[in-house]
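This report refers to the structure that appears directly beneath it.
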Amino acid sequence: MAAFCVSCGNPLADGAKFCTKCGATQPAAPAGTVMPPAPAAPASKGSSTGMKIIIGILAFFVFLILVVAGSCAYIAYRVRQKTHEFSESLHTNAKPYTGRRQPCAMLTTSEAADALGQPVESVEQRGTTVCEYSYGSNGQHFDVEYTWENGGITMGIAHGAMKHISGMDTFTTVEGVGDETYIAPGNSALMMRKGDVMVNIDLRESGVSADAAKKMASKIAARL
Numbered sequence: 040m041a042a043f044c045v046s047c048g049n050p051l052a053d054g055a056k057f058c059t060k061c062g063a064t065q066p067a068a069p070a071g072t073v074m075p076p077a078p079a080a081p082a083s084k085g086s087s088t089g090m091k092i093i094i095g096i097l098a099f100f101v102f103l104i105l106v107v108a109g110s111c112a113y114i115a116y117r118v119r120q121k122t123h124e125f126s127e128s129l130h131t132n133a134k135p136y137t138g139r140r141q142p143c144a145m146l147t148t149s150e151a152a153d154a155l156g157q158p159v160e161s162v163e164q165r166g167t168t169v170c171e172y173s174y175g176s177n178g179q180h181f182d183v184e185y186t187w188e189n190g191g192i193t194m195g196i197a198h199g200a201m202k203h204i205s206g207m208d209t210f211t212t213v214e215g216v217g218d219e220t221y222i223a224p225g226n227s228a229l230m231m232r233k234g235d236v237m238v239n240i241d242l243r244e245s246g247v248s249a250d251a252a253k254k255m256a257s258k259i260a261a262r263l
């Protein structure tokens, strides 16, 4: 930009402090105004807070998914465990019976009389599942019933049903007779399993003691 003498108007060279024509002192050129840099735009507080909320919601849903997945896995494990336990209690893998299905041949009259301590007057076979024994002077009688197939399942269901109804195991275990033997609540029956056969000796109105029933069940188990 051209400069001129403040006294005589003579053109001056850039940066000249004196006029070459009149010798007048020249004022110093004003320093250029330096513009300050534009301030940076402040970060949007609203968008930052919104992003934090979204991340928090996503994290919560991920946590819920993990909890649900863990619960489902545990429930599936418990179902498999209970199914296995129930299957074992039913003895579904018990050895099938392949012998003769003659109820009265499983316990002779002399064996029944020895167990009862009284003479057995007669026996009557009903079908292939029941043998009725009549004994004593008063004409008492009792039935011995045989479940030749799926006896393990039948016993497991009967045992489990009574336990569920009463809320506790009210069956008395009898050791050393068959594969498993129980006296039902109130000495109402003796239930014995040998392989896949279940034998039920009815004691409700027969007057047969639990000890006599155990002796008879032992004889029957030896033939199964």
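Numbering (the working numbering), first residue to last: 40 to 263.
We put the CB at the ideal spot given by N, CA and C, even for glycine.
A quick note: this is a predicted structure, and the numbers were derived from the prediction, not measured.
Looking at the DSSP output, M145 shares a beta bridge with no other residue.
The beta carbons of R232 and G191 sit closer together than 9 Å. Spanning the alpha carbons of N177 and N132 requires a straight line of approximately 43 Å. CA-to-CA, the gap between T209 and A256 works out to about 20 Å. Listed in chain order, the non-local C-beta contacts of L51 below 7 Å within the same chain comprise A42, F43, C44, C58 and Q65, local neighbours out to five positions each way being set aside.
Taking the C-beta atoms as reference points, Y172 is found no nearer than 9 Å to V236. Linking T211 to P224 through their CA atoms gives a straight-line distance of about 8 Å. DSSP places D218 outside any alpha helix (DSSP H), giving it a letter other than H or E.
For D250, there is no enclosing beta strand (DSSP E); the enclosing alpha helix (DSSP H) has its first and last residue at A249 to R262. Counting of Cβ neighbours within 10 angstroms places L155 among the buried residues, the total reaching 16 or more. K134 is the residue among A260, L229, I93 and K134 whose C-alpha sits nearest the C-alpha of E188. DSSP, reduced to helix, strand and coil, places K91 within a helical segment of the structure shown. If you ignore the 5 residues before and after S227, its C-beta comes within less than 7 Å of the C-beta of L242 and R243, all in its own chain and listed in chain order. Look at A133 here: in three-state DSSP terms it is coil, with no helix or strand label. Counting of Cβ neighbours within 10 angstroms places A260 among the buried residues, the total reaching 16 or more.
Our two residues, Q157 and E150, have alpha carbons roughly 11 Å apart in a direct line.
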